[in-house]
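Residue numbering for the sequence shown is 7 to 201, as defined by my numbering.
What follows is a single structure, written as structure tokens, with notes after it.
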Amino acid sequence: MSNELAQPVQRRSQWNGPVLATIIATMAAVLWLMGRTPWCKCGQLVPWSWTVQSMHNSQHLIDPYTFTHVLHGFIFFAALWPLRSRLTAPVRITIACVIEGLWEILENSPLIIERYRAATISLDYYGDSIANSVFDVLACLLGYAIASKLRWQTATMIFLAVEVTLLLTIRDSLLLNVIMLTFPMDAILQWQSGG
Ligand SMILES: [Zn+2]
């Protein structure tokens, strides 16, 4: 899936910054209208939070789950790559950004929040802060950018390494998150809750 420099002349940036910024700002506005909090209720201006089982998780800018959003970017790049002859790079990046923004809105809807609380280890989960959602989308775009620079073998290795690292450190990962959201399994929940 690597480099698009093969297309000769075009050296302009493939990142349509104003469009991406508008998408992210729109998402933030929708989240605000949905009543999401802008920042962690603790009020501390610490940019990150590394303790998953805490009130700060998904409330500051960066936390372990940020890495799952970087992986979203890998997946979007790979999924859109086959469409490269029909869709220009800026269009594909924009599509990825829109999907991620919509996911953030869905993820913070009462339906999904309830599902997380009922079926996963996220007992204290009451949605992301708006700042966290914005950084999740930026993390996704970062992942997209990284994936676009790599050979697919390298990208796959990094993807797996991030998943394994998350499993070992927080007993969760992108794959487990998807499984527990769609087909919750008791065995996994027990392992995740275990000390
Ligand atoms: Zn906090």
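Think of the CB as a built atom: it goes at the ideal place given N, C-alpha and C, for glycine as much as any other residue.
Keep in mind it's a predicted model, so treat the numbers as computed, not measured.
Close beta carbons around residue i, own chain, < 7 Å, minus the five adjacent residues each side
i, result
"I118", "L112"
"H62", "C46, C48 and S55"
"L67", "P53, W54, A137, N138 and F141"
"Y132", "I119"
"Y150", "G79, F82, F83, I99 and A102"
Cβ separation of residue i and residue j, assumed to be a contact under 8 Å, to the nearest whole Å
i, j, result
"Q20", "I99", "7 Å"
"L93", "F165", "Rounded, the Cβ-Cβ distance is 23 Å, inconsistent with contact."
"Y87", "D69", "It is worth fixing the name first, because residue 87 is Trp in this sequence and not Tyr. That belief does not hold up - the Cβ atoms of W87 and D69 are roughly 29 Å apart, past 8 Å."
"S60", "Y71", "Contact doesn't hold; Cβ gap of about 13 Å is too wide."
"E169", "S179", "5 Å"
"L172", "F80", "Their Cβ separation, rounded to whole angstroms, is 14 Å, which puts L172 and F80 out of contact at 8 Å."
"Q198", "R177", "5 Å"
"P116", "N22", "At roughly 33 Å, the Cβ-Cβ gap does not stay under 8 Å, so P116 and N22 are not in contact."
Residues near residue i in its chain [Cβ-Cβ closer than 8 Å; skip 5 each side]
i, result
"I194", "L182, I185 and M186"
"L26", "I99, T100, C103 and L147"
"G107", "I29, I30, T32, M33 and V143"
Own chain, CB closer than 6 Å to residue i, minus 5 neighbours either side, in chain order
i, result
"D192", "none"
"T43", "S135"
"H75", "D142, A145 and C146"
Near ligand 3: residue i beta-carbon under 6 Å from a heavy atom
i, result
"H78", "Questions concerning ligand 3 fall outside what the structure shown contains, since the ligands it does hold are ligand 1."
Three-state secondary structure assigned by DSSP to residue i
i, result
"W38", "helix"
"W54", "strand"
task = May I have a chain-ordered list of the alpha helix (DSSP H) segments no shorter than 4 residues that lie completely inside the region 74-115?
result = 95-113, all fully within the region 74-115.
inquiry  = As an exercise, report each continuous alpha helix (DSSP H) stretch of at least 4 residues that is fully enclosed by the region 122-186, in chain order.
reply    = Segments of the alpha helix (DSSP H) lying fully in the region 122-186: 136-155 and 158-176.
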